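Protein chains in written order, with the UniProt record's numbering: chain A, 1 to 429; chain B, 1 to 429; chain C, 1 to 429; chain D, 1 to 429.
Read the structure below first, then the notes.
4 protein chains.
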Amino acid sequence: MDYANEKLHEEKVFKDPVHRYVHVRDRVIWDLIGTREFQRLRRIKQLGTTYLTFHGAEHSRFNHSLGVYEIVRRIVDDVFSGRPEWKEGERLLVLCAALLHDLGHGPFSHSFEKVFDLDHEQFTQRIILGDTEVHDVLVKVSPDFPKHVAEVIAKTYKDKQVVSLISSQIDADRMDYLQRDAYFTGVSYGHFDMERILRVMRPKEDQVVIKQSGMHAVEDYIMSRYQMYWQVYFHPVTRSAEVILTKILHRAKALYKQEYPFKQDPIHFYSLFETNLTLEDYLKLDESVILYYFQMWQDEEDPILRDLSKRFLNRQLFKYVEFDPAKEYKKHSELEALFKKAGIDPDYYLVVDSSSDLPYDFYRPGEEEERLPIHLVTPSGDIRELSRESHIVNGISGKRRTDHKLYFPADLLEDERTKKTTKRQIKNY
Amino acid sequence: MDYANEKLHEEKVFKDPVHRYVHVRDRVIWDLIGTREFQRLRRIKQLGTTYLTFHGAEHSRFNHSLGVYEIVRRIVDDVFSGRPEWKEGERLLVLCAALLHDLGHGPFSHSFEKVFDLDHEQFTQRIILGDTEVHDVLVKVSPDFPKHVAEVIAKTYKDKQVVSLISSQIDADRMDYLQRDAYFTGVSYGHFDMERILRVMRPKEDQVVIKQSGMHAVEDYIMSRYQMYWQVYFHPVTRSAEVILTKILHRAKALYKQEYPFKQDPIHFYSLFETNLTLEDYLKLDESVILYYFQMWQDEEDPILRDLSKRFLNRQLFKYVEFDPAKEYKKHSELEALFKKAGIDPDYYLVVDSSSDLPYDFYRPGEEEERLPIHLVTPSGDIRELSRESHIVNGISGKRRTDHKLYFPADLLEDERTKKTTKRQIKNY
Amino acid sequence: MDYANEKLHEEKVFKDPVHRYVHVRDRVIWDLIGTREFQRLRRIKQLGTTYLTFHGAEHSRFNHSLGVYEIVRRIVDDVFSGRPEWKEGERLLVLCAALLHDLGHGPFSHSFEKVFDLDHEQFTQRIILGDTEVHDVLVKVSPDFPKHVAEVIAKTYKDKQVVSLISSQIDADRMDYLQRDAYFTGVSYGHFDMERILRVMRPKEDQVVIKQSGMHAVEDYIMSRYQMYWQVYFHPVTRSAEVILTKILHRAKALYKQEYPFKQDPIHFYSLFETNLTLEDYLKLDESVILYYFQMWQDEEDPILRDLSKRFLNRQLFKYVEFDPAKEYKKHSELEALFKKAGIDPDYYLVVDSSSDLPYDFYRPGEEEERLPIHLVTPSGDIRELSRESHIVNGISGKRRTDHKLYFPADLLEDERTKKTTKRQIKNY
Amino acid sequence: MDYANEKLHEEKVFKDPVHRYVHVRDRVIWDLIGTREFQRLRRIKQLGTTYLTFHGAEHSRFNHSLGVYEIVRRIVDDVFSGRPEWKEGERLLVLCAALLHDLGHGPFSHSFEKVFDLDHEQFTQRIILGDTEVHDVLVKVSPDFPKHVAEVIAKTYKDKQVVSLISSQIDADRMDYLQRDAYFTGVSYGHFDMERILRVMRPKEDQVVIKQSGMHAVEDYIMSRYQMYWQVYFHPVTRSAEVILTKILHRAKALYKQEYPFKQDPIHFYSLFETNLTLEDYLKLDESVILYYFQMWQDEEDPILRDLSKRFLNRQLFKYVEFDPAKEYKKHSELEALFKKAGIDPDYYLVVDSSSDLPYDFYRPGEEEERLPIHLVTPSGDIRELSRESHIVNGISGKRRTDHKLYFPADLLEDERTKKTTKRQIKNY
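Here it is, written out as structure tokens:
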């Protein structure tokens, strides 16, 4: 039998707390899971610094990737299989894309991407197409197969129906992470009736639509997403940890540029600092490597690098206040001046962080971030956009919500030496 | 108000997936959680290598420690409070002991302790009594307080009732880990009615007893424990990962003793290799440090260290077969000879591993590992030992179950070069 | 000790699938649960005819009443206790009101109230104030106590804070039934973080407010309520069963008025038909009595009563189509004519049923159904109305949603004899 | 297409709180669910009087029957389908048998069967084979089909593999009721990993065996069963209600035999009292009918019938003490004498009730109640009996546990008039 259709002698299962079991029958999937690039995802947390807010959120991207695969497997094998509008030939392609869609994530992706101008999506492409174990597996299916997998993940694949299973406003990626992140954090948001949603998904021309009878389950999913964003993903304490993490990386880079004599050479960071990162360099980066350096840096001479590293490892985070950048920019520069006067470098210790989310949107062609809407299909086959049918979704559709906070180390301000100026600063709030 | 009785201005809560919320009112507890020694537990997995079998088991000892604290808090505040046989004065002591009972755990404790002859319980003592942030907090309660906390954890404290809340055959430690490990692995064992058990616990002279009406809940707990041991804790795949981990450490130590030129100096291991580990050295060890070295060692010249490190990181584990050391010791030495002939060092690649558990035992004075039995109390106040009342517990009481397995790298044996000898070896099984 | 403060020798618990345990310490509560009027609630389903749609929904009002009591108990004992704005003296009053708030419900309340012009709230008052076992218990607390309990339930009690625990847009009644009905039906709506809501409830002047930090949990609760209304409570199949039930009662009454010779005298219905229902008559009505009569009526001569009774018991419900009464009233009268021509009485077999809900509303003085809004309290003590703070709630606030359906027996229309006219009728849709 | 293979146009689902959804594709199954005999199961509680102990246990046999069907459907469609040892041709047969296996249950079966010497299994046969809607559906499949369905349920069907899916020591019936009863009562027993058990079930010659790798899941199931029996099914309060129910029926029958003038003729009981019950009579009996009569009988002249009926409806149950019939028979007759002296009829008010269970047994040919053991199959295909492989099961295998209790109305004994004799009686305990 050819490799693409090869089945395992006996189905393998992974015990999964969210989906009960993840089922694998295809040899290709099994081999992909065994590659070093995929196993590396075990050393990268799904939610970055969130574990410092919700202690249960220690789960990895490995976890999530298996989950997305399992959801797509259920859609294509249990729901779509046999339907005329579904192309059975795309089955293995979409399963592989589901499994590998987050392959390029690095440690604490959000901060690293910002500081070093990286893009995990681009690395996913490079891993799939480059000289890797993953590529070796995929290419055994067919010479074009790696490229097609990469295209599905990049949303450039010609068949948009396949793409939308993984990337749309209601896709397997989101359905997994909402439930998984809710499970591990223990919050009571993030629950919705996925069983129902799967049952009402239908392949239809170049998209995946939802039978109208399942509209309420979709509303519930949209609300879950909204709540998870504001309750978990944008939690101000998590962002505080991220602010510190970002500043550690900035500081290390700045010191390197100044030829600061690190006690131990940060060899893993060299190519990051010099922006000539190779794929092999990147694959060596995981969260244990980063945390190892933060441990080392706790003993560095440089007071800022030392202090920030300690803060991150021992969870002595910055405090925060609400901040309106539009109105309060003047206040901000006054505060900067006061910080400097107090001997505290505002570049590292006075940080504005903003979070923003658009919970759902209908299609607005030409907009910066075009979003494909969720379409309902009526019993008579008509297609209707979700927010026109649902009061609830209409109530939040297209309404961007943004939150700005100003982060600073409250403890430093209580330090003896800065007391006098501090008092004045505190009055500012 | 004195420090021991100081309450937080407002109760703090941690969202916990197992107990919903962990509640903190006491300033002492809050301060302990904030110490670097306690935060370090975030970087040590609760279940060591189990995440390579059950991908959800990525939770840390930080998680579990908060859970044990919360269970004890509920016992003393909601169940025991006001009962004449409970000494309210021991409340803070037992809360601190609950929170800190695992403080001395190092990375992958089981393997490290075996290879380097360490004892995490001894390190718990040293952290509590030594020059640490934890000690600084505890000593503010009273000069003797650190010593008392250490004694409770070491089971040498004079009041055995206090000790048994944390260390007995039905204690807060076990009640938390069974539920927590079940939650994160996703297995359906590990559930029992803790609410009910808490409600029927009673302080009674020098122990904690269970009202007879709660016997069935205790039976269920004993069964959960039994199942978790054999389904999760002693899972042969987990043990395979542990075998490899142990052999990595052995190899690194052997190379160090031979003055092998490591590409990067394993400075964090020096004092381990030379068995002159200081408390400060120990506190620097966490799983990110260990995984960092394993990554480095993937690129070492030494083929054994390199191979084993890759196996661990990329989860290419050893296979296993049942093995009876009593009967098959001869087979084992024959196999050793064959391995040597095939150029595979049996010291690293042919390993017998044994697991053994005694699910419950009544009191057998003088036995190697004395266990305090679980006592039921009847409505008339009589005390009865559990296994005499329960058919189920009696059926497994005192029956040690042991399992031996022989681990080896099946893939190596399939290697071209070893094919001929391999065939003969395979015949041995 | 006086009766009001008398505690049970040992706390009693009820195992409850929603709240785990319901705890009773107060003698008064225990005695109320034991009365025949309260035990009668076991024979009245919480969700009327819903079990014909969701087979799990067989739970009784007894169930729910204990649940509301338990929620209020937790609020007053765990959250409000000790707060200056909470009057401890109202504790027993609000507990009794919580337990008894649904006491006056009859069998399949909704239909009975409509057909016989009854009002369960009025019966709750009569039971509490009349010659009943419940009254005997309450009056032992104090002569005024029954009256106060009745006032709290009727929302006329002077202290509105007490009233709002039981009747407001976020009260213990709703919090219990949403969760309970979700649990028993098995739907995945109806979940919200009640633990969190309880923790952020605060007594404040004449109301109960929510700390702003809990706003998202409240949003989630409002959405749960919305979904439960449309997914469960207003489910068209449930309404179909209710339509039939209503028509059975109408028919029986009409026959009685015509002095139809029932095979077995419907003695339990006499006073209903003649609208001179005594309290004792009412207390004898429960769902087993009603179902008993429906069984009898399956064998009656009258074809309509017989047919409708069979339909209800054997779940041969009416089908339905969307119907817009504003536009389609003409169609309706044409259909009526056609039904008559086909020998099917449209009074019983062609029914328009409407459901309507206002998911949340701010205060609109003078409106027909004034609703007290949910108020958030900021850290600085300001009070803000929920829909001004929450995008989500604002999106649905004050927007009444109504649904009209036309019910009819599709099977009858397929009957041989009516075939020709049927065809024409079907064309109408 | 023939009726046996006819599929519904679109799959129907029932929302089920235990299995999430019950799926129906087969026209035959859909039609059976719609019969009046099957709908009647909605008016018969799954757990009889248990709702008086666990208020959540109000679920019906309709509920459970759908659940058993769904489990069997998953076994045959998801697990057995395609395996050579499974005869696909038996699929519809086993699905129908699963759905209908409890069809003959009457109201409060346990008590009715005891008092009136009925046998629900015999009525299941009569309904399937008699002149019923169920029979009309089944016979459309083939003339022999009703007989085969009846045989599978009666365990006389030739193919024992088919029988054992529904009746064995690990069958779909037990797997559903353990989980369902646990869900509705809210107890934490009754959970086991059914998903896993389903995955390891294999058709094998004339039985269904379990892959050895699933042994621990089966152990857990056996323990769940054990706990549910003693914690829920044999709960002494439930048995107290059953004792009273039994005595009501006895009393009514005795009065009838004495030609007592009932206020309302108990026409539904006539044929029961005279033991000439027809199928049609039987089908008219459901719990609403029984409860209707109990309501009537609350107003009867006969003090015993009146008192017992009130007790049952208002849950004023008998108290109980442990009782050893072997040793204490003398005490019992002394007590009887004392009761008589006090004017309390011991035939109705002094009742010994015994419960007994054998949690698991291997095969003991010739024993009164032969049980087919659970067999494990090893990877090499060997068959091993469960209790020889499992310590846990071995510990309880073949050990019958029995519990005797003496029930009596403690309140009556506290009555003024009986005080003197009471004192002496109380001394007896």
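Here a beta-carbon is modelled for each residue, glycine too, at the ideal position from N, C-alpha and C.
Nothing here was measured: the structure is a model prediction, and the numbers come from that model.
Beta-carbon spacing of B:Ala306, B:Pro409 below 9 Å: Correcting the residue type first, residue 306 of chain B is Arg in the shown sequence and not Ala. In this structure, B:Arg306 keeps its C-beta atom at 9 Å or more from the C-beta atom of B:Pro409.
Chain A contact for C:His404 (CB, 9 Å cutoff): no
Uninterrupted alpha helix (DSSP H) stretches inside the region 184 to 232 of chain B (no shorter than 4 residues): 194 to 200, 215 to 228
Contacting residues, own chain, Cβ-Cβ under 7 Å from B:Lys204 (five flanking each side not counted): Excluding sequence neighbours, B:Lys204 sits near Glu85, Val377.
Chain D within 9 Å of C:Gln295, Cβ atoms only: yes
CA nearest to the CA of D:Tyr226, picked from D:Asn5, D:Val28, D:Asp361: D:Asp361
Beta-carbon proximity check, A:Val68 vs A:Asp176, cutoff 9 Å: yes
Per DSSP, the bridge partner or partners of D:Lys140: Paired residues: none, contrary to the question.
Near-chain C residues of the region 300 to 317 of chain D (beta-carbon distance less than 9 Å), N- to C-terminal order: Lys310, Leu313, Asn314, Arg315, Gln316
Bridge-paired residues (DSSP) for D:Arg401: D:Asp357
Residues that A:Arg401 contacts on chain C, provided the C-beta gap is smaller than 9 Å: His391
Pairwise C-alpha distance: C:Ser111 and C:Glu242: 7 Å
C-beta neighbour in chain B for D:Val237, strict 9 Å: No Cβ of chain B is located within less than 9 Å of the beta carbon of D:Val237.
Contact list for the region 205 to 225 of chain D against chain A, Cβ threshold 7 Å: none
Best match in B:Gly56, B:His101, B:Val218, B:Leu8 for proximity to A:Asp16 [C-alpha to C-alpha]: B:Gly56
Where the beta strand (DSSP E) containing B:Ile44 begins and where it ends: Looking at the DSSP string, B:Ile44 is not in any beta strand (DSSP E), and its letter there is neither H nor E.
Partners in chain B for A:Gln39, counting only beta-carbon separations shorter than 8 Å: Leu313, Asn314, Arg315
Separation of B:Lys158 from C:Lys158, as counted between CA atoms: 57 Å
Cβ-based burial, A:Thr278 [other Cβ within 10 Å; buried from 16]: exposed
Residue environment, A:Pro373, which counts as buried when at least 16 other CB atoms sit within 10 Å: buried
Min CB distance B:Val13 to chain C below 9 Å: B:Val13 has a beta carbon lying within less than 9 Å of a beta carbon in chain C.
Beta-bridge pairing of D:His64 - partner residues as DSSP gives them: D:His64 is not bridged to any residue.
Among D:Arg73, D:Gly106, D:Arg61, nearest to D:Glu90 - alpha-carbon criterion: D:Arg73
Range covered by the alpha helix (DSSP H) that runs through C:Glu334: 325 to 341
Interface flag, B:Glu287 vs chain A, CB-CB below 9 Å: yes
D:Val208 versus D:His250: straight-line alpha-carbon distance, rounded: 43 Å
Contact check, D:His191 vs D:Phe54, beta carbons under 9 Å: no
For B:Ile170, the three-state DSSP class (helix, strand or coil): coil
Contact under 9 Å by Cβ, D:Gln212 with D:Arg384: Contact: yes.
9 Å Cβ cutoff met for A:Val24 and A:Leu41: no
Euclidean distance between Cα positions of B:Ser142 and A:Asp345: Spanning the two alpha carbons is a distance of roughly 39 Å.
Continuous beta strand (DSSP E) stretch holding C:Cys24: start and end: The displayed chain sequence assigns Val, not Cys, to residue 24 of chain C. Run containing C:Val24: 20 to 26, per the beta strand (DSSP E) assignment.
Any C-beta of chain B under 9 Å from that of A:His9: no
Inter-residue CB distance, B:Glu58 and A:His64 (contact presumed, cutoff 8 Å): Their Cβ separation, rounded to whole angstroms, is 11 Å, which puts B:Glu58 and A:His64 out of contact at 8 Å.
Contact list for the region 19 to 51 of chain C against chain B, Cβ threshold 9 Å: Arg20, Tyr21
CB contact check: C:Ser355 to chain A, cutoff 9 Å: no
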